[in-house]
Amino acid sequence: MTEIAEIEVKAPVKIGQVIKDNLMGTGVSLVATRNIKRVDSNLRS
102 MTEIAEIEVK APVKIGQVIK DNLMGTGVSL VATRNIKRVD SNLRS
């Protein structure tokens, strides 16, 4: 589980996007289950 906790993903992310292939040597992919929009850096305060 530490491998999952250390993963960082940059937006935008789309549902179904593969985040990590072959997770922990299992042959299973970690897949996004929701959309995440990119935040424009000019809008951050």
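Each residue of the sequence shown is one higher than the one before, starting from 102 at the first, in my numbering.
Beta carbons: idealized from backbone N, C-alpha and C, even for Gly.
Can you tell me which of the three DSSP states ILE120 falls into?
-> It is a strand residue.
8 Å CB neighbourhood of ALA112 in its chain, flanking five on each side removed = Closer than 8 Å at the Cβ level, and outside the excluded window around ALA112, lie ILE137, LYS138, ARG139 and VAL140.
Determine the DSSP secondary structure at ILE137, reduced to helix, strand or coil.
-> DSSP places ILE137 in the strand class (E or B) of the three-state scheme.
Since VAL119 and VAL132 are thought to touch, with beta carbons under 8 Å apart, how far apart are those beta carbons, to the nearest angstrom?
-> Approximately 6 Å separates the beta-carbon atoms of VAL119 and VAL132; this is inside 8 Å, confirming the contact.
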